[in-house]
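These notes concern the structure reproduced below.
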Amino acid sequence: MKAVKLFALSIFSFTLLIGCGGKEEKKKEGFSYEKKTNKTETETKTDNNVASIVISGDDMMKFDKSEIKVKAGQKVKITLRHKGKMAINIMGHNLVILKQGVNVAAFGNKAATSKATDYIPADFKDDIIAHTKLIGGGQTTTIEFDAPEPGTYDFLCSFPGHYAIMKGKFIVE
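Under UniProt numbering, the sequence shown has 15 at position 15, and the numbering climbs by one with no breaks.
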């Protein structure tokens, strides 16, 4: 009787091993579960004279772009995404485009003391071309404005201490 049980258990185990193992799953070439798009999310598009730009910030205090190029007079739509997880009061981000000649350090230092206005200093409001609202991890915001005259402008995050690292050039051709 024990021999029969042992034999049946052996056959069952052998069948189970053959049924579960040894086969490799074949994937169709070019198949992916990931969402496909024609252009990357952060790529600049120029449809109908509108430059649509997506820029992302993260919990490591980095923008994924250090340069944005548009044409003079063009309608600009910038979407800021915070890909981090930290809250707005700990690792908030915004995007501020300054006019030419504005002292970035002076702006950043004044912004750090402007919590009541989401770190956009009232003393510098005439020195700003455009800015997004302040967002926290997982949030997104968008602004639209007309590109200024040709030139190179600074952009930055005005959350306290971020302007030294989270910055780049907004180039109008």
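Backbone N, C-alpha and C define an ideal beta-carbon position, used for all residues, glycine too.
inquiry  = Using the Cβ count rule (16 or more neighbours within 10 Å means buried), how would you classify P121?
reply    = Counting from 1 along the sequence shown, the entry for residue 121 is found at position 121. Its Cβ being crowded by 16 or more others within 10 Å, P121 is buried.
task = Compute the Euclidean distance between the alpha carbons of I53 and K65, then round it to the nearest angstrom.
result = Translated into positions along the sequence shown, residue 53 becomes position 53. Translated into positions along the sequence shown, residue 65 becomes position 65. Going from the Cα of I53 to the Cα of K65 covers about 10 Å.
ask   = Out of curiosity, what's the CA-to-CA distance linking Y163 and F155?
value = Numbered from its first residue, the sequence shown carries residue 163 at position 163. Numbered from its first residue, the sequence shown carries residue 155 at position 155. Those two C-alpha atoms are separated by around 9 Å.
ask   = Is the beta carbon of R81 less than 7 Å from the beta carbon of S114?
value = On the sequence shown, residue 81 is found 81 positions in, with the first residue counted as 1. On the sequence shown, residue 114 is found 114 positions in, with the first residue counted as 1. Cβ distance not < 7 Å, so R81 and S114 don't count as in contact.
message = Which residue wins for smallest C-alpha separation from M61, given the options V70, K85, V76, K71?
response = Taking the sequence shown and counting its residues from 1, the one referred to as residue 61 is at position 61. Considering only alpha carbons, the answer is K85.
query = Leaving out five residues before and five after P150 in sequence, what residues of the same chain have Cβ atoms less than 8 Å from its Cβ?
reply = Taking the first residue of the sequence shown as 1, we reach residue 150 at position 150. Within the same chain, P150 has close Cβ partners A72, V172, E173.
ask   = Just to confirm, are P160 and A112 a CB contact at a threshold of 7 Å?
value = Start at 1 with the first residue of the sequence shown, and residue 160 comes out as number 160. Start at 1 with the first residue of the sequence shown, and residue 112 comes out as number 112. A contact, by the Cβ cut-off of 7 Å.
task = Figure out for me which residue from I129, V102, I143 has the closest Cα to the Cα of T79.
result = What you label residue 79 is simply residue 79 of the sequence shown in a count that begins at 1. The shortest Cα separation from T79 among I129, V102, I143 belongs to I143.
ask   = Near E67, which residues of its chain fall below 7 Å by C-beta distance, leaving aside the five closest residues on each side in sequence?
value = As a first step, residue 67 is located in the sequence shown; it is residue number 67 there, counting from the start. Result list for E67: G168, K169, I171, in chain order.
inquiry  = Between which residues of its own chain and T141 is the CB-CB distance below 6 Å, once the five residues before and five after are set aside?
reply    = In the sequence shown, residue 141 corresponds to position 141, counting from 1. Cβ within range, chain order: L80, T132, K133, I135.
L95 to P148 span [Cα, whole Å] = As a first step, residue 95 is located in the sequence shown; it is residue number 95 there, counting from the start. As a first step, residue 148 is located in the sequence shown; it is residue number 148 there, counting from the start. Whole-angstrom Cα-Cα distance: 16 Å.
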